[in-house]
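Residue 33 is where the sequence shown starts when you use this note's numbering, and the numbers rise one by one after that.
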Amino acid sequence: MKLRVATVWLGGCSGCHMSFLDMDEFLIELAGLIDLVYSPVIDVKEFPEAVDVCLIEGAVCNEDNLEILRKIRERTKVLVSFGDCAVTGNVPAMRNPFGPDNRENVLQRAYVENARNNPGVPKADGIVPRLLEQVVPVHEAVYVEYYLPGCPPPAARIKEVLVQIINGQAPLLTGPQLKFG
Numbered sequence: 033m034k035l036r037v038a039t040v041w042l043g044g045c046s047g048c049h050m051s052f053l054d055m056d057e058f059l060i061e062l063a064g065l066i067d068l069v070y071s072p073v074i075d076v077k078e079f080p081e082a083v084d085v086c087l088i089e090g091a092v093c094n095e096d097n098l099e100i101l102r103k104i105r106e107r108t109k110v111l112v113s114f115g116d117c118a119v120t121g122n123v124p125a126m127r128n129p130f131g132p133d134n135r136e137n138v139l140q141r142a143y144v145e146n147a148r149n150n151p152g153v154p155k156a157d158g159i160v161p162r163l164l165e166q167v168v169p170v171h172e173a174v175y176v177e178y179y180l181p182g183c184p185p186p187a188a189r190i191k192e193v194l195v196q197i198i199n200g201q202a203p204l205l206t207g208p209q210l211k212f213g
């Protein structure tokens, strides 16, 4: 039976998913080894039950991120923090030094001060999720089994981790494979 694999994009730039796609022809081989059951690269709206492995890109920045992350943890056997934002908070966490009350300032800067057209913070429900007081890496919100560092992790590193997991091994990154940035 094939592993049921998911990938998720929280607060980040999608660079990790771009690097995932950079595995090029290995993706064809990978398609024969796994069932990709949820990902930004496929059209599935609800995170499924009974997922074997989930690669989670991005930091936990808002209430929507936290809600889906908790659902993912409940429904997934093995979580992998996928990239430096998921592992450390990285760029999304740059707002943290400004304190827990920075949420309105962040929205003001993004939607009013930097807007060229129609400045204003969207207020309708479901448009802009409520920001958390602090951005946190994935492991500060839920238990994570493995960490895949890099900004983004190179395709070869992603492939190495996936091959080890598919072969029933605990992923082990050593030497140049264990590198941030």
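Positions of the beta carbon are idealized from the N, C-alpha and C atoms, including for glycine.
query	result
I think N134 touches V167, with their Cβ atoms under 8 Å apart; what is that distance to the nearest whole Å?	Actually they are not in contact, since the Cβ atoms of N134 and V167 sit about 10 Å apart, beyond 8 Å.
For the structure I just gave you, are there three or more beta carbon pairs, one from the segment 184-197 and one from the segment 42-58, closer than 8 Å?	yes
Does the Cβ of N150 have 16 or more other Cβ atoms within 10 Å, making it buried, or fewer, making it exposed?	exposed
Identify whether C170 lies in helix, strand or coil by the three-state DSSP scheme.	In the sequence as presented, Cys is not what sits at residue 170; that position holds Val. Here V170 sits in helix by DSSP.
Taking the alpha-carbon positions, what's the S113 to N97 distance?	14 Å
Report, in whole angstroms, the separation of the C-beta atoms of P132 and E165, which I expect to be a contact under 8 Å.	4 Å
Taking the alpha carbon of V119 as the reference point, which residue from L87, E61 and M33 has its own alpha carbon closest?	L87
CB L205 to CB L62, shorter than 8 Å?	no
Would you give the residue range spanned by the alpha helix (DSSP H) that L139 belongs to?	R135 to Q140
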